[in-house]
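Colleague:
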Amino acid sequence: MTTIATNISLFDSLPELFEEQIGSALLPETRRAAFQRFRELGFPTVKTEDWKYTNMLPYLKNGISIQLPATPELTAAQLEATGLLLPDTYRVVLVNGELQPQLSELPPAAQVTVRKLSEAAEEAAFQQYFSKSRKLDEHHFAQLNTALFTDGLFIEAKAKAMVEQPLHIIQLYHSTGNLLVQPRHLWVVQPGASLQIIESAAALSLSGSVLVNSVIEAVTTERAQLSHYQLQTAGQQTRFINQTLVQQHGKSLYNNYTFTLTGADIIRNNLNISLDDERTETHLYGFYLAMGNQLVDNHTSVDHRMPNCESNELYRGVMLDKSTGVFNGKIYVHEDAQKTNAFQQNNNLVLSPDANIYTKPQLEIFADDVKCSHGTTIGQVSEDALFYLKARGIGDMTARSMLVKAFAFDITAQVKIPAVRKQVEQLAAQYLSAAANN
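Here the sequence shown stands for residues 1220 to 1657, where the numbers follow the numbering used here.
Here is the structure:
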C-alpha cells in the first residue's frame, strides 16, 4: 500500500509547512504521529491498489498552497444566491471549514452542541472519540488531514434528544489561488438521540482551484440514530476527497445518502462503517451522475465485527460524455459476526461510448452463519422502453431523461426529507438537460 510520490513540490514542502504550524496547533502529538504516517504512505498513485483508476497527482502539482486566504464577509443575499438553502432546517455555514456564526441558525443548545472543532478539546466526547476511528491509519489523505487540518465542526446530540429539524451544513470554499483546504469534523450522537445532518457545498469567488481534503468521524452510540445526507453540489475548479468514518455501537442506526451531482473535476468518497457492537443497522444509498471529463469514485467498506447486525447498500450511477465512474464496495464479516445480514448492489448506466465505469463489489466472510450477497450491473437505456415512450409522442431526450429518473427512483425514494428529495431531482434534471444540449 505504501506509495510515495516524491516528484511533487507540495510533498517536498510539507515538512517545513508542518513545522511552521505545529507550534500553536491543537493536539501536537497526534498531528506529529499522523504526519509521520503520511510521510511513510506518501500521496497515492495509480500503482496504489485502491487508487488505480483515480490519479490525483495532476491535481497536486500546480503550485498548490495550504495557507488559507482571509475569509470574505458574506451577506445573507450571497448565501441565498448559492441556491442551496433548504426550508425547515437549522443552518450551519462554514467558509473553508470555519464556522460562520453570523450566517448560521443553530439548534437549541439543550439538544445539540455545535461549535468549532478548535474550541472543543475540553469536551468529553471529543476526548473520547477524536481521531479514534478504525482505518484512519490506512488512508493517505486522512493522515494528511489529521496532521494539518485547520478547523471544522464538533457536533454532539445530547442523550435522548429528538432533534426534529435537520441540521443543514453549507460548506463554502473561497480561494485566491490554487488551494488545499482540510476541514475536520467530529459528530457524536449520544445514547437514545436522533439526528439528521445534510451537507451541501458551493464555491465562492475562486481565483484558482480548490482541492478539499475533508475527514468526518461520526459516532452513533447505544440506541442512537443518525441520518447523513451528502449533497455533493459544488461546481468546476473544485476537487474533493471526502473521508467519512463511522463507528456504530449497540442497537444504533446509521443511514447514509450520497448524491454526487456536481461540476467538480474529480470526487473521491471513502465511506468506512465499523459495526462495533451487536444489533446495529446500516443503510447506504448512493446516486452519481457524471458528465464531461469528470471522474466520480466511490469506495465503501462495511466492517461487520459483532453478531446480529444488518447492512444494506445500493448505489446507482449514470455515465455521460467522456466521464469515468468507479465503485468499489467491500463487506467484511469477521469470525465473531454470526447472524449477519449484509447486502450490496451497484447498478450503472453508461450512456456514451466514450464513458467508462469500473465496478468491484467484494465480500470477505469469516463467519459461517450469515446471509450475504452482492452484485453489479452495467448497461444502457432499454431500447424497448425508449420505443414505448417515443411511440407516445415523447421526444428522444425527454424519454431518455424519464428513464434515467426512473433508474434513480429506488435511491431518491429512500430520502425522508421532501425538500432534499426535490433538490436532488431538480439537480439531476439540470445535469441531464445540460448533457442533452451539448
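C-beta: ideal position from N, C-alpha, C; glycine also.
May I have the straight-line CA-CA distance separating LEU1304 from GLN1415, to the nearest angstrom?
Modeller: 16 Å
Colleague: How many angstroms separate the CA atom of LEU1236 from the CA atom of ASN1432?
Modeller: Looking at the two C-alpha atoms, the distance is approximately 17 Å.
Colleague: Rounded to the nearest angstrom, what separates PHE1254 and VAL1429 at their Cα positions?
Modeller: 22 Å
Colleague: Do the CB positions of THR1440 and SER1471 come within less than 8 Å of each other?
Modeller: yes
Colleague: Do PRO1402 and LEU1313 count as a contact pair if the criterion is CB distance below 8 Å?
Modeller: yes
Colleague: Could you tell me whether the Cβ atoms of ASP1516 and TYR1272 are closer together than 8 Å?
Modeller: yes
Colleague: Thinking just about the alpha-carbon of each residue, which of LEU1514, PHE1562, LYS1541 is nearest to the one in CYS1528?
Modeller: PHE1562
Colleague: Does the Cβ-Cβ distance between ILE1597 and ASN1567 come in under 8 Å?
Modeller: yes
Colleague: Can you have a look at GLN1544 and say buried or exposed, based on whether 16 or more other CB atoms are within 10 angstroms of its CB?
Modeller: Before going on, a small fix: residue 1544 reads as Gly here, not Gln. By the neighbour-count rule (16 or more Cβ atoms within 10 Å), GLY1544 is buried.
Colleague: Taking its Cβ as the centre, do 16 or more other Cβ atoms sit within 10 Å of LYS1641, making it buried, or is it exposed?
Modeller: exposed
Colleague: Have a look at PRO1637 and ALA1627 and give me their C-alpha separation to the nearest angstrom.
Modeller: For PRO1637 and ALA1627, the distance between alpha carbons rounds to 16 Å.
Colleague: Select from ALA1443, LEU1608, SER1542, SER1337 the residue whose C-alpha is nearest the C-alpha of ASP1484.
Modeller: Taking only the C-alpha atoms, the option nearest ASP1484 is SER1542.
Colleague: Please state whether the Cβ-Cβ distance between HIS1358 and GLN1466 is less than 8 Å.
Modeller: no
Colleague: How is the alpha helix (DSSP H) around LYS1377 delimited, first residue to last?
Modeller: Element bounds for LYS1377: n/a, residue is neither H nor E.
Colleague: Under 8 Å, do HIS1393 and PRO1291 count as touching if we go by C-beta distance?
Modeller: yes
Colleague: Sort LYS1579, VAL1537, THR1595 by Cα distance to SER1571 and report the nearest one.
Modeller: VAL1537
Colleague: How far does the alpha helix (DSSP H) with HIS1358 in it reach, from first residue to last?
Modeller: Here HIS1358 belongs to no alpha helix (DSSP H), and DSSP marks it neither H nor E.
Colleague: Beta strand (DSSP E) containing LYS1549: first to last residue?
Modeller: 1543 to 1552
Colleague: Return the CA-CA distance between GLY1411 and ARG1458, expressed in angstroms with no decimal places.
Modeller: 36 Å
Colleague: Pairs of beta-carbons, one from the segment 1368 to 1385 and one from the segment 1308 to 1322, closer than 8 Å: are there three or more?
Modeller: yes
Colleague: Alpha carbon to alpha carbon, how far is GLN1581 from TYR1551? Give it in angstroms, no decimals.
Modeller: 8 Å
Colleague: How far does the beta strand (DSSP E) with LYS1335 in it extend, from its first residue to its last?
Modeller: In the DSSP assignment, LYS1335 falls within the beta strand (DSSP E) that extends over 1331 to 1335.
Colleague: Between which residues of its own chain and ARG1498 is the CB-CB distance below 8 Å, once the five residues before and five after are set aside?
Modeller: GLY1469, LYS1470, ASN1527, CYS1528
Colleague: Looking only at DSSP bridge pairs, what is GLN1449 linked to?
Modeller: Per the DSSP secondary-structure output, GLN1449 pairs in a beta bridge with GLU1418, THR1477.
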